[in-house]
Amino acid sequence: MSGISALRAGAGKVFWVTNTNKLNFPPELITVDPELKEINKFLKMSKVCILGPGLPIGFEELIINIWNFKIPLVLDAGGLRWLAASNLRERPYHLIGTPHAGEAKDLVGQRKLDRFETIKTIKNIYGGDWILKGPGTLIHESNQLWINNFKMPELGTAGSGDILAGLIAGVWSSGSKTPARSGVWLHTNLAKKALIKKKHTYISAIDMLNKNADGERMVYSKEIARVAVGETITWLPASKGHNVHFISAPDGVDLIKSKMNKEFSFKFEKEGIYLYQCCLLYTSDAADERS
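Residues 987 to 1277 (the numbering used here) are what the sequence shown spells out, left to right.
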């Protein structure tokens, strides 16, 4: 999602570091193996790097290498979680971080601060420019604080932040002097146009998780999704060992079972209630009942 939105925002060429044997990928993106030598080769060709969307654990060496590389960096999702758990402080090169409220709380060490204190504290600790996402998004850029007077519940959907990161990287690579504000402005106006046209400008996404922020095991990041006819939902394997299995659907709709550990998309073309579960979740629940 980040790569495609970066292209749409003006990036001329986008490299995607991924394990291509496990994930589907759009043909517009040039895939790169997650190997240090390969990554450094492509970092030297690039103007901006996005670190975090879809990032699993176990790549600390590669993450530290990118953090220390002299390249403008957009930090989101898994990259923010890594930074909060590290002992690192101010990055010596250009940085834009895009946390939501939960990630921001981790970055300030779980201190109870209001939103304005939070973004200023993050800026003081890590340097760079920051976007605190949410209703009335805050942007700390060029040593000034800006407020985006806009809210839309759909922008809290998983995957929307990935698109924001891509838009920021796209305008930044095109020479924008205010990529944080420009990216938020573009994201907001695309959402406004979607409201007018009564359709989404992005594919909604749901993460498949071993555990969520509340400690609940074997869950999806969104328990209930309300979608319009014709809308597509993409389930992302944020944790290993998950899939999507429809157990109930309107008449005439096949009860599809996706492959394990694979990104899966489904377009809802018939109105009604759809129930689904993960095969691992079902197995786990059955084991809990027997124990």
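A virtual CB, placed ideally from N, CA and C, is assigned to each residue, including glycine. These figures come from a predicted structure and were not determined experimentally.
| Asked | Found |
| --- | --- |
| Per-residue DSSP class, three states only, for GLU1089 | helix |
| Rounded straight-line distance, which links the Cα of TYR1206 to that of GLY998 | 35 Å |
| Cβ contact check for the stretch 1100-1108 and the stretch 1055-1074: 3 or more pairs under 8 Å | no |
| Exposure label - ASN1129; buried when at least 16 CB within 10 Å | exposed |
| Reduced DSSP category for GLY1156 - H, G, I as helix; E, B as strand; rest coil | helix |
| Cβ separation of LEU1029 and GLU1014, assumed to be a contact under 8 Å, to the nearest whole Å | Contact flag wrong, Cβ pair sits at about 20 Å. |
| Whether TYR1112 touches GLU1076 by CB criterion (8 Å) | yes |
| Under the three-state DSSP convention, the category VAL1018 falls into | strand |
| Per-residue DSSP class, three states only, for TYR1112 | helix |
| Cα-Cα separation between VAL1094 and GLY1258, rounded to whole angstroms | 43 Å |
| Those residues which DSSP pairs with TRP1132 across a bridge | ILE1125 |
| Where the beta strand (DSSP E) through GLY1083 begins and ends | 1081-1083 |
| Below-8 Å beta-carbon distance, LYS1248 vs any chain B residue | Of the protein chains in the structure, only one exists, and it is not chain B. |
| Exposed unless 16 or more other CB atoms sit within 10 angstroms - verdict on ASN1229 | buried |
| Beta-carbon gap between LEU1150 and HIS1126 smaller than 8 Å | no |
| For LEU1176, the residue or residues it bridges with in DSSP | LEU1176 pairs with nothing; no bridge assigned. |
| Between the CA atoms of ALA995 and SER1168 - distance to the nearest angstrom | 10 Å |
| Beta-ladder partner(s) of LEU1059, from DSSP | CYS1035 and LEU1081 |
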